[in-house]
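Engineer:
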Amino acid sequence: MDLREEFDPRLPLVRAYGPRHFVLATTRVEGTVLVVPEGWVRLGPRSLAQLKVSDLEAATEADPPIELLLIGSGRTIVEPPAALKEVITQAGWRHEVMATPPALRSFNLLLLDGRRVAGLFVAAEM
3 MDLREEFDPR
13 LPLVRAYGPR
23 HFVLATTRVE
33 GTVLVVPEGW
43 VRLGPRSLAQ
53 LKVSDLEAAT
63 EADPPIELLL
73 IGSGRTIVEP
83 PAALKEVITQ
93 AGWRHEVMAT
103 PPALRSFNLL
113 LLDGRRVAGL
123 FVAAEM
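Whatever position you read off the sequence shown (first residue = 1), add 2 for the numbering used here.
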């Protein structure tokens, strides 16, 4: 049996992660990041509490629209601030909050399955 890893190399799959960084496709990205099927935006702040509503712009403008937002909140589960929850609700997205490592794995699986998923991943000491 011949097993090969086959996927669209243009997809922003999370290939690796470590303290304060992610590797998306072949690019190392420092800090917190918002990932949509078409690419990613480095957000800079390291915690959900520091994020602004405007930080979700790439996801709100995605076309076709995002169906699900996965939030990787760092080492532990931390709910997003009320202002971000309001944007999520207004956009009509389902969302899940989990520690960053399982959020990354879930994001990759859903993206490879062709789902319209976005990931908001907090880079932390892992």
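We put the beta carbon where it would ideally sit given N, CA and C, even for glycine.
Being a predicted model, the structure only gives us computed values, none of them experimental.
DSSP has residue 29 in a bridge; who is on the other side?
Structural biologist: 26
Engineer: Between residue 68 and residue 108, what straight-line distance do the alpha-carbon atoms span, to the nearest angstrom?
Structural biologist: 15 Å
Engineer: Would residue 75 be called buried (16 or more neighbouring beta carbons within 10 Å of its own) or exposed?
Structural biologist: buried
Engineer: Can you list, in chain order, the residues of its chain whose CB lies under 6 Å from that of residue 126, leaving out five sequence neighbours each side?
Structural biologist: 76, 77
Engineer: Within 10 angstroms of the Cβ of residue 121, are there 16 or more other Cβ atoms? Answer buried if so, exposed if not.
Structural biologist: buried
Engineer: Rounded to whole angstroms, what's the CA-CA distance from residue 53 to residue 72? Just pull it up for me.
Structural biologist: 15 Å
Engineer: Sort out for me which residues DSSP pairs residue 42 with in a bridge.
Structural biologist: Residue 42 has 37 as its beta-bridge partners, per DSSP.
Engineer: Using CA atoms only, rank isn't needed, just tell me which of 81, 41, 29, 58 is closest to residue 51.
Structural biologist: 81
Engineer: Take the Cβ of residue 111 as the centre, count every other Cβ of all protein chains shown within 10 Å, and call the residue buried at 16 or more, exposed below.
Structural biologist: exposed
Engineer: Let me confirm a value: residue 14 is counted as buried when at least 16 other C-beta atoms fall within 10 Å, else exposed. Which label applies?
Structural biologist: buried
Engineer: Report buried or exposed for residue 29, applying the criterion of at least 16 other Cβ atoms within 10 angstroms of its Cβ.
Structural biologist: exposed
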